[in-house]
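What follows is one structure encoded as structure tokens, with my remarks underneath.
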Amino acid sequence: MVPTFIPIFCWIFHLFISFFFLLRRKKLLVHSHRTEIATSDLGFQFYQYCSACSCSLIFLKKCFLYLLEAEGKVIMMIAMVSVVLGGFIVLLVHLFSLLVIKPSLVRAKLHRQGISGPSPHFLFGNIPDIKRIQLQLQLTAITTSKDQNVSISHCWPPTMFPYLEQWRNQYGKIFMYSTGNIHQLSISDIEMVKEVSLCTSLSLGKPSYLSKDRAPLFGKGIISSNGPVWAHQRKIIAPELYLDKIKGMVNLMVDSTNALVRSWEAKLDHKEAVTEIKVDEDLRSLSADVISRACFGSNYSEGKEIFTNLRNLQQIMSEGFLGIPGLRYFPSKNNRQMWRLTKEINTMILKLVKLRMGAAYEKDLLQMILEGANNSGGSDGLLSNGISQDEFIIDNCKTIFFAGHETTAITSSWCLMLLAVHQDWQARARAEVLEACKDGILDADILRSMKTLNIVIQETLRLYPPAVFVVRTALEDMKFKGIVVPKGMNIQIPVSIMQQDPDLWGPDAHKFNPERFANGILGACKIPQAYMPFGVGPHVCAGQHLAMAELKVILSLILSKFEFSLSPAYQHSPAFRLVIEPGQGVLLNLKRL
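So this is what it looks like as structure tokens:
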């Protein structure tokens, strides 16, 4: 088919040029002193214009004849170029709408309500400002810090996220900023935080970047999904992580932790010996062993191999996250590594699933996920929410890894570091453990009775929460504290800042003081919604009871066997790698009791 718009366009262009010169000539003549000549020339000019039209019609006819007589390849080439150009124009319009029009409309809605923030840069948002502020802080730290033996400070959020601190002081406790194309409404106003925390509407969901830019790690699992998809997955997974189910997992936690204790004892030749141990990798292996046994049962060795690859994937993803549209499709070195690891992990999980098919296995988390997928699936292999059965299985296995393995291991490291620094609390916690376990038995009921250990863990999670932000997206226009949050806007709660706010926690908010939790969260903080180590609202972490039980088992067995202090070589450097972890690891001097 001949693309007729090409000669038509040429004809219109020809007419436009002719008419332009006609008007240009008329303008010159009217403004000259030769008015009579100019007027008399108008008839001639009109004649010229008619001639131009005639020429254009002749030109149009010739174009049509040329196209009709041209070779088929030429016509096809012109058609292809036309399609490509048309697609390119559509893409440009879409990008302009995505990067300029929509963000401007969202910001304008908030501006009209008195919400301000730093002006974004095209494409990169406020990323250049963030990097500039962080660089300024680093230069200041280099020039002012000469003493390497400074005391450990738990007030790390202002140094890790100095831009939030600066903008919070400049624009108030509610302000907006963007990282690439991701727009955030940062809120640390406690009344608004409380309203967001108590909101149960499915219209307040998880941000889209969790299922897009971080898809290799989270996919469409319970961490990143929304609406009916999330509700369906939560209904399947959450009941398996209730307290009554956790009781049956305590024994496997004890077995795995005892193996770690024996490996540490082997490094101590005699009772008075002291050895330096970097605990982080050992605790990761322990946590991976626990969650592998809980999730994969008798296939736990294969599960640990999956977790090793997932850990590598997490490290790659934490190296850079800009939020620029389409960047995840660019074949950079990091992206290629992510694609390779994702493919390997998915293959390994599905291999385990095939081993389970048609065989009788114990009731572990993987079996529960499989049954949930099978019971909800149709003949086309899709679940009722449109997700494939394979996707459901893979994504939720990854979710259990990240939520139940990585975060627990990191919190264990922080707990041991804090107890090593605060020997009085280490002694109190050990005395409680030895009294509770005097018969050599450790079960769920005994764990529940350990009040001192419980408040130590709570205080650790307050100072070093695994997730430093709680982020929700308004899936439709929503109102909090009288402010209409436009559809598509992310609401970001800086957990680390809220949990160390002196206005909420008192003048010792930056200090380690487990006693504040002696009367529960209500006694520790003016408003309980300011404490959110496991998230808030309906999307609160489904595995929090599993995490707390595992932390208590690990700490109680270590405390019952060892005394420990912080090594002089320890460097306190919290690092943000999707979660907050000890940047240089935790080095302890260990001694048998």
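Going by the working numbering, the sequence shown opens with residue 1, and the numbers climb by one from there. No residue lacks a Cβ here, since even glycine has one placed at the ideal position from N, Cα and C.
is_contact[residue i, chain C] using C-beta, thresh 7 Å
| i | result |
| --- | --- |
| K333 | Absent from the structure is chain C; it holds one protein chain and no more. |
Span of the beta strand (DSSP E), counted from its first residue to its last, around residue i
| i | result |
| --- | --- |
| L241 | Element bounds for L241: n/a, residue is neither H nor E. |
| Y177 | I174 to T179 |
| E563 | F562 to L566 |
| N490 | N490 to P494 |
| Q170 | Taken as a continuous stretch (DSSP letters only), Q170 belongs to no beta strand (DSSP E), being part of the alpha helix (DSSP H) at P162 to Y171. |
| L447 | Counting along the chain, L447 falls outside any beta strand (DSSP E), though it belongs to the alpha helix (DSSP H) covering A444 to S449. |
| L185 | I182 to I187 |
| V484 | I483 to V485 |
Option in the options with minimal Cα separation from residue i
| i | options | result |
| --- | --- | --- |
| P568 | K278, L123 and K481 | K278 |
| P582 | E391, Q113, D255 and I410 | I410 |
| S208 | C199, M450, S201 and G219 | G219 |
| H405 | A547, L110 and P514 | A547 |
| L418 | L210, S292, K235 and L587 | L587 |
| L164 | P494, A518 and L217 | P494 |
| V106 | V536, K487, H121 and I446 | K487 |
| E344 | F161, L217 and A231 | L217 |
| M532 | T460, G482 and E276 | T460 |
| S560 | I441, I291, D390 and R284 | I441 |
| L593 | K235, E272 and N258 | E272 |
| L557 | I187, S153, R214 and S412 | S412 |
| L260 | I246, D280 and K245 | D280 |
| L99 | F124, A108, G114 and K109 | F124 |
| D477 | V470, V471 and M489 | M489 |
Which of helix, strand or coil DSSP assigns to residue i
| i | result |
| --- | --- |
| H232 | helix |
| T200 | coil |
| G627 | No answer is possible for residue 627: it lies beyond the span of the chain, which begins at 1 and ends at 593. |
| E272 | coil |
| F576 | strand |
| M478 | strand |
| G125 | strand |
| Q458 | helix |
| K278 | strand |
| S224 | coil |
| P216 | helix |
| G583 | coil |
| H510 | coil |
| G537 | helix |
| G404 | helix |
| V470 | strand |
| G440 | coil |
| G205 | strand |
| F5 | Residue placement at F5 is flagged as unreliable, the pLDDT there being 47, under the threshold of 50; a coordinate-derived value is accordingly withheld. |
| P528 | helix |
| Q499 | coil |
| S318 | coil |
| I306 | helix |
| G117 | coil |
Cβ neighbour criterion (16 or more within 10 Å) applied to residue i
| i | result |
| --- | --- |
| L463 | buried |
| F307 | buried |
| H94 | exposed |
| I101 | exposed |
| I580 | buried |
| F401 | buried |
| P574 | buried |
| Y242 | exposed |
| G87 | exposed |
| T200 | exposed |
| L590 | buried |
| E435 | exposed |
Boundaries (first-last residue) of the alpha helix (DSSP H) holding residue i
| i | result |
| --- | --- |
| K552 | Q544 to L559 |
| K267 | It is not in any alpha helix (DSSP H) - K267 carries neither H nor E in the DSSP assignment. |
| K591 | K591 -> not in any alpha helix (DSSP H); beta strand (DSSP E) instead, spanning L587 to R592. |
| H111 | K102 to H111 |
| Q426 | Q423 to A436 |
| I393 | Q389 to F401 |
| I521 | G520 to A524 |
| D503 | P502 to W505 |
Integer Cβ distance of residue i from residue j, believed to fall under 8 Å
| i | j | result |
| --- | --- | --- |
| N226 | K206 | 6 Å |
| W167 | G117 | 7 Å |
| C437 | L555 | With 8 Å as the limit, C437 and L555 do not qualify as a contact, their Cβ atoms being about 12 Å apart. |
| D501 | A530 | 7 Å |
| R577 | Q337 | Not really, about 16 Å apart at Cβ, beyond 8 Å. |
| A288 | M249 | Rounded, the Cβ-Cβ distance is 15 Å, inconsistent with contact. |
| Q184 | Y177 | 6 Å |
| T408 | E550 | 5 Å |
| V468 | S496 | 5 Å |
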